[in-house]
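Asker: In order, the protein sequence lines correspond to chains X and C.
With this note's numbering, you'll find the first sequence wraps up at 682, consecutive numbering, no jumps.
With this note's numbering, you'll find the second sequence wraps up at 682, consecutive numbering, no jumps.
All C-beta atoms in this analysis are idealised placements derived from N, C-alpha and C, irrespective of residue type, glycine included.
Number of protein chains: 2
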Amino acid sequence: MMNWKDKFSLDAKAIKASDIRELLKLLDDPSILSFAGGIPDPALFPMNKVAEIRKNLESHPDLNRQSMQYSKTEGYNPLRQWVADKYSSAETEISQENVLITNGAQQSLTLLATALIDAATPIAVANPTYLGALQIFGTRRPNYITVDTDENGIIIKSLKSAFQKGVKLLYTIPDFQNPGGMIIPEDRRKKIIELAHEFDVIILEDTAYRELYYDAPPPPSLLTLEGQFLGEGQWHQAGLVIQIGTASKTLMPALRVGWTIAPLDILEKLVMLKQSNDLHSSTLNQIITHELSSSGLETHIDKLRDVYGRRRDTMVDALRSYMPNCATFSRPAGGMFVWITLAEDMDASELLQKALATEKLAFVPGAAFFANGGGENTFRLSFSTCDDKDIIDGVRRLSTLIQREHLQKVHPKQWS
Amino acid sequence: MMNWKDKFSLDAKAIKASDIRELLKLLDDPSILSFAGGIPDPALFPMNKVAEIRKNLESHPDLNRQSMQYSKTEGYNPLRQWVADKYSSAETEISQENVLITNGAQQSLTLLATALIDAATPIAVANPTYLGALQIFGTRRPNYITVDTDENGIIIKSLKSAFQKGVKLLYTIPDFQNPGGMIIPEDRRKKIIELAHEFDVIILEDTAYRELYYDAPPPPSLLTLEGQFLGEGQWHQAGLVIQIGTASKTLMPALRVGWTIAPLDILEKLVMLKQSNDLHSSTLNQIITHELSSSGLETHIDKLRDVYGRRRDTMVDALRSYMPNCATFSRPAGGMFVWITLAEDMDASELLQKALATEKLAFVPGAAFFANGGGENTFRLSFSTCDDKDIIDGVRRLSTLIQREHLQKVHPKQWS
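(1) From the beta carbon of X/W525, is the nearest beta carbon of chain C less than 8 Å away?
(2) Span of the beta strand (DSSP E) holding C/E471?
(3) Taking Cβ positions, are X/P306 and X/P484 nearer each other than 8 Å?
(4) Return no unless some Cβ of chain X is closer than 8 Å to the Cβ of C/S337.
(5) Roughly how many angstroms lie between the CA atoms of X/M313 and X/V467, to the nearest whole one?
(6) Less than 8 Å between CB atoms is the rule here; does C/W605 satisfy it with respect to chain X?
(7) So C/A513 and C/L506 are in contact, right, with Cβ under 8 Å, and what is the actual spacing, rounded?
(8) Rounded to a whole number of angstroms, what is the C-alpha to C-alpha distance between X/Q541 and X/L667?
(9) In the structure shown, what three-state DSSP assignment does C/A356 receive?
(10) Is the stretch 541-559 of chain C touching the stretch 321-334 of chain C, taking contact as three or more C-beta pairs under 8 Å?
(11) What residue from X/I402, X/R406, X/V433, X/I450 has the CA that sits closest to X/V415's CA?
(12) Does the separation of the CB atoms of X/G304 and X/N393 fall below 8 Å?
(13) DSSP three-state label for X/Y588, please.
(14) Helix, strand or coil: how does DSSP classify C/I567 here?
(15) On the DSSP bridge assignment, give the partners of X/V537 in chain order.
(16) Find out if the Cβ-Cβ distance for the pair C/G641, C/A628 is shorter than 8 Å.
(17) Ordered along the chain, which non-local residues of its own chain (more than five positions away) have a Cβ less than 6 Å from that of X/T602?
(18) Would you decide whether C/V661 is buried or exposed? Buried here means 16 or more other CB atoms lie within 10 Å of its CB.
(19) For my contact list, X/L488 and X/N364 are in at a C-beta cut-off of 8 Å; report their separation, rounded to the angstrom.
(20) Please confirm if C/N330 has its CB atom under 8 Å from at least one CB of chain D.
(21) Over the uninterrupted alpha helix (DSSP H) stretch that includes C/S427, give me the two end residues.
(22) Quick one: using the 10 Å Cβ neighbour count with 16 as the cut-off for buried, is C/D277 buried or exposed?
(23) How is the alpha helix (DSSP H) around X/L521 delimited, first residue to last?
(24) Going by the C-beta, is X/S548 closer than 7 Å to any heavy atom of the ligand GTP?
(25) Helix, strand or coil for C/S300, going by three-state DSSP, please let me know.
(26) By Cβ distance below 7 Å, which residues in the same chain neighbour C/R646 in space, the five residues on each side in sequence not counted?
(27) Less than 8 Å between the C-beta atoms of C/N369 and X/N369, yes or no?
(28) Could you give the residue range of the beta strand (DSSP E) that holds C/I367?
(29) If you draw a straight line from the C-alpha of X/E671 to the C-alpha of X/V537, how long is it?
(30) Where does the unbroken alpha helix (DSSP H) through X/A390 begin, and where does it stop?
(31) So, with DSSP's three-state summary, where would you put C/T607?
(32) Sort out for me which residues DSSP pairs C/V413 with in a bridge.
(33) List the endpoints of the continuous beta strand (DSSP E) containing C/L647.
(34) What three-state label does DSSP hand C/V630 in the structure shown?
(35) For C/R577 and C/I658, which I take to be in contact (beta-carbon distance under 8 Å), what is that distance rounded to the nearest angstrom?
(36) Under a CB-based cut-off of 8 Å, is X/I383 close to chain C?
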């Protein structure tokens, strides 16, 4: 009998099955109420617009055929130009040459990890941070230096300490972070840019949730702030910020369209890596993304803000009403996630097993979001796909379960 | 000024811009007659069927929305089942659990390279072989052991010598190879399987061109033959053959849909890598691929065989009529490529410069298909996208250019 385990590369040996992955398998069971996935509500997808775009494509036979043909690795030029225009600032004019279209932000991370990380390269990530980033970085076997966070995201003192340890890059989600929901305020953002340049650290800025704000628009991005810091036009030569974006949260995930914005010298390398990885992204899906983006996008996102914002309110209100004192929770100003911290001695993975078994309720235990361990008493709730009734009912039942579990820890059953 | 070159990983430093990539950029110029790309003719795309599928999807609103939602990494189950059914044989029953949907064969190679190749791992590839495979394998910095070929593909003696050097895997395209067009006969295929088991070498079988036969169907695949070699059901435990397929050549490239068929232990690892690479392939494109595959595919491919087969005949006839004796050429029994070998002292890259400048003609110089150098006097012609008139005219002009260049080498101009 073949033992494949002996045949795997060192990189492949380093990867493990993810909790989220195993969880998402459960979600095929429609009787489970899921607060697990960080996924948009399909009821909000602009399907009528997609139908219009398809119909229009079909009335242009040449373009329609081209939409199914091989196309260039860099991406569909009109979409690249749309990205360039949208993310240019007064100080930093982005051109389409700075934009690579990828299969979602996840592939942007894959290409950047391959381009920049060797085995044992020290890299900084927040504690907690996006599991998918840890998964792909993990295949490069880096040396993780974790940065502590508070309700305002990355703590600068902890970041400086990480930078002093010689990290090569920082991966960060400044807006409504996955999983913590924190938004980094402008003063901290400026400090991050200053420190990056003091210590020559590359910044990978993931903007996946940036458009999904429910209170006020977020502060300028790290890309924009670095432009201000460096002065007009300087990012192209001296920039350390590489920005990653996606259509998955604002439009539709199965388009598998995201992008990377980077100075030319690194963008060219990323293009070569993308070419060797999968030649190019679906031409058709890039055309659909461009059409959806260039007309009516703000109106569509306003609708998302309205619906998701109300669900955020419902979940936070329900948590205030029902959650026992042994747990604290965040009130995110955007994104899809509420972050829960249980009493120190509680374990969210055990809680999940019970929630699934007795309540048919799912969420994501927090430990997987911690690069170097920890976070066993934390978990993530998503409010993006559930209606008010389910949110209230689910939070109530989950709260009762937590209360019961907590009491058992404090007053364990004894022989009477 | 930032020097990004210093910041690249060792893997990223190892990759170079590809000739094909630079070439494909030229092909935006419509005045160039291109025999370069290994691409299908968009005029043959089944666009009416695609329109039908879309219309049908739109009349099923739930499925239509699901086609735009995140979906599981392994792929769309009906498509996985279609692949499993199609590639099962009497001895080897493939189940959908053995199938991973990828973004085309190129991503299958990416995941397999990550899973199996460490820096300096010895791997065997044919001389010449598919450039895209060399590009992605190259990012893992393997130790290439090249295997010589003749008009029947891999030479067994050279393969055995490579296996004796301790290679871990062999990458091969047994049917109508890119770029050489060779098809490996059944006796050699059996020898490859025997040697793989004697030396414990993994076989990556790329079937990209298998369906495009113009004379007779190809012999059984390595996957099927290994099943016969091992006996009923044994591949699942003892199989060394991993098969890679794609919809890019038979249907449409921009679907970006391919697949990997592998024993469970390795398939599970590939799924984890795919998840960390880009989560999953476009749900919509998988649905379209499944619909196109499960109804009318044979009729469609028969049409491709008919059109491409005639173009193959036209090109080979034109080469017979016009090509000077200083060049030899293959007569492929399928696929998209004719392989040309010039006199030893001629250089196909120089020829390309002249062909572009004076004839506005493009092809792919062969050197890039040789893992460890060589092949400077070879090049690849594709006949898949050109009509008869262009093929005859292009081959005639190219032949004249070659004749002229050859005479200059043999009788260089001298001071009179």
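Answerer: According to the data block:
(1) no
(2) 468-472
(3) no
(4) yes
(5) 42 Å
(6) no
(7) So it is not a contact: roughly 25 Å between Cβ atoms.
(8) 50 Å
(9) coil
(10) yes
(11) The amino acid occupying residue 415 of chain X in the given sequence is Thr; Val does not appear at that position. Cα-wise, what sits closest to X/T415 is X/I450.
(12) no
(13) helix
(14) helix
(15) For X/V537, which the question treats as bridged, DSSP gives no partner whatsoever.
(16) no
(17) Strictly speaking, residue 602 of chain X in this sequence is Met, with Thr absent from that position. Result list for X/M602: G304, S648, S650, in chain order.
(18) buried
(19) Not quite, the Cβ-Cβ distance comes to about 15 Å (not below 8 Å), so this is no contact.
(20) Chain labels in this structure do not include chain D; the protein chains are X and C.
(21) 422-430
(22) buried
(23) Per DSSP, X/L521 belongs to no alpha helix (DSSP H) and is neither H nor E.
(24) The ligand GTP is absent from the structure shown, which contains no ligand whatsoever.
(25) strand
(26) P445, F603, W605, F629, V630, G632
(27) yes
(28) 365-368
(29) 51 Å
(30) Premise fails: X/A390 lies in the beta strand (DSSP E), 388-393, not in any alpha helix (DSSP H).
(31) strand
(32) C/A392
(33) 644-648
(34) strand
(35) With 8 Å as the limit, C/R577 and C/I658 do not qualify as a contact, their Cβ atoms being about 11 Å apart.
(36) yes
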